[in-house]
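Engineer: Handing you this structure, nothing more for now.
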Amino acid sequence: MTVRIIPRLEIKGPNLVKGIHFEGLRVLGKPEAFARHYYEAGADELIYIDAVASLYGRNSLLHIVERTASEIFIPLTVGGGLRSLDDIREVLRAGADKVAINTAAIKDPDLIRQASRKFGSSTIVVLIEYIRHADGRYEAYTDFGRESSGVDALDWAQQAVELGAGELLVTSIDRDGT
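Just so we're aligned: the sequence shown equals residues 13 to 190 in the working numbering.
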């Protein structure tokens with residue numbers, strides 16, 4: 013098995029942030045600087061997630077994606093606030109190689125099918141942020157881990173693949189992103 017290093021960088025506004033259990037975000041610096049550092053250190057791929065885009069209904073990463081894509085030459089996945097094929101197209105045109113969708117995909121699963129047909133399944137990553145409940149259930153969450161979806165995460169993973177997701181990015185909220 014080949015081990016790949018794929019840092020996931022969470023962004024709020026123009027800043028890279030870090031939280032614990034997706035809460036209490038603190039500013040670390042400029043995402044482009046961290047992306048360059050990881051690239052120079054040998055990362056195989058990079059993921060940008062806008063931590064508040066779904067909450068505020070916006071997609072504000074385009075300039076950050078453009079600057080990053082001009083400086084690093086590894087695959088770049090971008091997610092957060094992507095609600096439509098037009099949003100996905102904009103991020104890809106800005107320089108992303110792949111897009112990660114979560115909230116919009118749970119609300120409208122057909123978005124996965126439409127996006128994979130239009131842009132290719134290898135471009136579509138379905139982000140599954142989940143919590144394991146005391147009774148052993150795994151529940152998918154939306155809006156950067158803020159909202160319970162009522163959807164079983166394991167069933168959702170299978171459905172996302174059947175709809176055309178080329179990759180799944182699975183993140184445990186209760187284990188701080190592991």
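From the three backbone atoms N, C-alpha and C, an ideal C-beta is built for every residue, glycine too.
If you're wondering where the values come from, they're calculated on a predicted model, not measured in any experiment.
For the alpha helix (DSSP H) that contains LYS2, what are its first and last residues?
Structural biologist: Here the chain has residues from 13 to 190 only, and residue 2 is not among them.
Engineer: Just mark PHE156 as buried or exposed, buried being the case when its beta carbon has 16 or more other beta carbons within 10 Å.
Structural biologist: Its Cβ being crowded by 16 or more others within 10 Å, PHE156 is buried.
Engineer: Please classify ALA117 as buried or exposed, where buried requires at least 16 neighbouring CB atoms within 10 angstroms.
Structural biologist: ALA117 should be labelled buried.
Engineer: Measuring CB to CB, does ALA55 end up less than 7 Å from ILE17?
Structural biologist: Contact flag set, yes.
Engineer: DSSP has ILE136 in a bridge; who is on the other side?
Structural biologist: Looking at the DSSP assignment, ILE136 forms a beta bridge with VAL111.
Engineer: Using only the alpha-carbon positions, how far apart do GLU179 and VAL137 sit?
Structural biologist: Cα to Cα, the separation comes out at about 5 Å.
Engineer: Between the alpha carbons of ASP120 and LEU104, how many angstroms are there, rounded?
Structural biologist: Roughly 20 Å between the two C-alpha positions.
Engineer: Residues in the same chain with beta-carbon distance under 6 Å from GLU44, minus the five sequence neighbours each way, listed in chain order, please.
Structural biologist: Within the same chain, GLU44 has close Cβ partners ARG79, THR80.
Engineer: Does the Cβ of ARG129 have 16 or more other Cβ atoms within 10 Å, making it buried, or fewer, making it exposed?
Structural biologist: By the 10 Å Cβ count, ARG129 comes out exposed.
Engineer: In chain order, what residues of the same chain have a beta carbon less than 6 Å from the beta carbon of GLY69, not counting five sequence neighbours either side?
Structural biologist: Residue placement at GLY69 is flagged as unreliable, the pLDDT there being 49, under the threshold of 50; a coordinate-derived value is accordingly withheld.
Engineer: When the Cα atoms are used, what is the spatial distance from ASP186 to ARG144?
Structural biologist: Each residue's Cα considered, the two are about 7 Å apart.
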